Amino acid sequence: MPRDLDHPPRRPGTVTLLGAGPGDPELLTVKAVKALQCARLVLYDHLVGDEVLALLPPGCEQHYVGKEAARHALPQREITALLVRLAHEGRDVLRLKGGDGYIFGRGGEEAEALAIAGVPFQVIPGLTAAQGAAATAGIPLTHRDHGRALVLATGHGREGQPLDLDWSLLARPQQTSVIYMGVAHLPAICAGLVAHGLSADTPAALVERATLPGQRCVEGTLATLPALAADAGIQPPALIFVGEVVRLRALLAPAMAVVAPSGL
Ligand code: SAH
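Quick note, this note's numbering runs 327 ahead of the 1-based positions in the sequence shown.
Okay, here's the thing in structure tokens:
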């Protein structure tokens with residue numbers, strides 16, 4: 328086929344799906360920092376903090392595309408369409424998400440759309456919120472004696488509908504369950520776990536704003552946590568930890584040294 332020399336095919340831009348970690352900018356990976364420092368165009372979600380955005384170079388075009396439970400700045404399908412369109416225009420796009428993009432970050436859907444549209448992309452993983460919270464709150468995610476499996480689940484129900492979680496998976500003994508996006512449904516989640524077989528005395532905790540200034544942790548049992556959280560006024564973003572590993576916090580948290588930032 329003769330080539331149209333006046334209109335050479337445009338090289339599509341590349342999309343970088345970047346996980347910015349749980350909040351503390353020092354928990355970014357080296358690869359993430361390098362990608363941030365040379366970005367020209369960024370689409371970012373609401374869980375990406377100002378200190379992370381401060382690493383972008385001057386002149387970098389920044390677009391907030393949102394993604395709070397009830398208040399999407401742009402519906403997901405429009406975010407995905409925008410990524411594809413920008414890449415087809417030849418722009419390199421940095422798609423910035425809180426935590427890890429492939430863990431409740433809808434990075435999977437964006438990657439699927441990019442693959443189908445023939446847009447080259449790379450994925451830079453980030454620490455997920457559960458890892459940040461575990462490290463700073465003193466709750467190991469697994470432990471040979473107290474938690475032999477780890478389940479990351481979403482506690483976000485469809486609006487106006489009863490919670491539809493996989494209770495038999497979440498209510499297994501000897502495992503740690505970490506529930507994302509569950510604060511609004513905390514009483515129903517705790518009651519559901521007890522109704523499906525976990526003891527009401529099972530240790531449970533909430534970690535609010537993990538790794539960020541003002542991080543708080545409320546600790547109790549499945550029976551007591553909802554009232555403790557309401558008294559403390561815990562707000563999203565927060566994670567629910569359920570399992571025997573939560574007991575270790577009493578020993579570990581007071582013993583943890585406060586390490587000064589490395590200044591990297
Ligand atoms: N992709 C993200 C999760 C996005 S879903 C990740 O891998 O961490 C959003 C939910 O993540 C919030 O509702 C909250 O449950 C949790 N979350 C994110 N950042 C958090 C933080 N700093 N502290 C506590 N929970 C957080």
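Ideal Cβ positions, reconstructed from N, Cα and C, are used throughout, including at glycine.
Please read all numbers here as calculations on a predicted model, not as lab measurements.
Residue i to residue j, Cα distance in whole Å?
i              : j             : result
alanine 522    : proline 563   : 25 Å
leucine 363    : threonine 455 : 18 Å
valine 505     : arginine 337  : 45 Å
arginine 404   : glutamine 458 : 29 Å
leucine 552    : alanine 347   : 29 Å
proline 384    : valine 369    : 11 Å
leucine 468    : cysteine 365  : 34 Å
leucine 591    : alanine 460   : Since pLDDT at leucine 591 reaches only 44, below the 50 mark, its modelled position is unreliable, and the value read off the structure follows with that caveat. Straight-line Cα distance between these residues: approximately 21 Å.
leucine 441    : glycine 386   : 26 Å
isoleucine 443 : leucine 355   : 29 Å
alanine 515    : alanine 580   : 28 Å
histidine 392  : proline 489   : Reading off the sequence shown, one finds valine at residue 392, where the question assumed histidine. Roughly 28 Å between the two C-alpha positions.
glutamate 439  : threonine 343 : 13 Å
leucine 401    : alanine 582   : 44 Å
aspartate 419  : glycine 541   : 35 Å
arginine 300   : valine 569    : In the structure displayed, the chain extends from 328 to 591; residue 300 sits before or after that span and is not available.
Less than 7 Å separating the Cβ of residue i from some heavy atom of the ligand SAH?
i                 : result
tyrosine 507      : yes
alanine 392       : The sequence given here has valine at residue 392, not alanine. No; taking the cut-off as 7 Å, the Cβ of valine 392 has no heavy atom of the ligand SAH nearer than that.
lysine 361        : no
leucine 423       : no
phenylalanine 431 : yes
glutamate 535     : yes
alanine 565       : yes
proline 349       : yes
glycine 465       : no
Considering residue i, what are the terminal residues of the beta strand (DSSP E) in which it resides?
i             : result
valine 573    : That residue, valine 573, is in no beta strand (DSSP E); it is neither H nor E in DSSP.
histidine 390 : 388 to 391
leucine 423   : 420 to 424
glutamine 449 : 448 to 451
valine 505    : 503 to 507
Our contact map puts residue i next to residue j with C-beta atoms below 8 Å; I'd like the distance itself, whole angstroms only.
i             : j             : result
threonine 407 : glutamate 437 : 5 Å
proline 538   : aspartate 351 : Sequence inspection shows threonine at residue 538; the proline mentioned does not correspond to that position. Right, the Cβ-Cβ distance comes to about 4 Å (below 8 Å), so this counts as a contact.
alanine 609   : leucine 533   : Limits of the chain in this structure are 328 at one end and 591 at the other, which puts residue 609 out of reach.
proline 339   : glycine 445   : 7 Å
Would you call the CB atoms of residue i and residue j closer than 8 Å?
i              : j             : result
glutamine 501  : arginine 475  : yes
isoleucine 451 : glycine 509   : no
threonine 548  : alanine 531   : yes
leucine 492    : valine 478    : no
leucine 345    : leucine 413   : no
leucine 380    : tyrosine 371  : yes
glycine 434    : glycine 425   : no
valine 573     : alanine 559   : no
leucine 575    : histidine 512 : no
Compare the C-beta of residue i against all C-beta atoms of chain C and say whether one is closer than 8 Å.
i           : result
proline 500 : The displayed structure is made up of one protein chain only, and chain C is not part of it.
Going by DSSP, what residue range makes up the alpha helix (DSSP H) through residue i?
i           : result
serine 526  : No alpha helix (DSSP H) holds serine 526; DSSP gives it neither H nor E.
alanine 438 : 434 to 444
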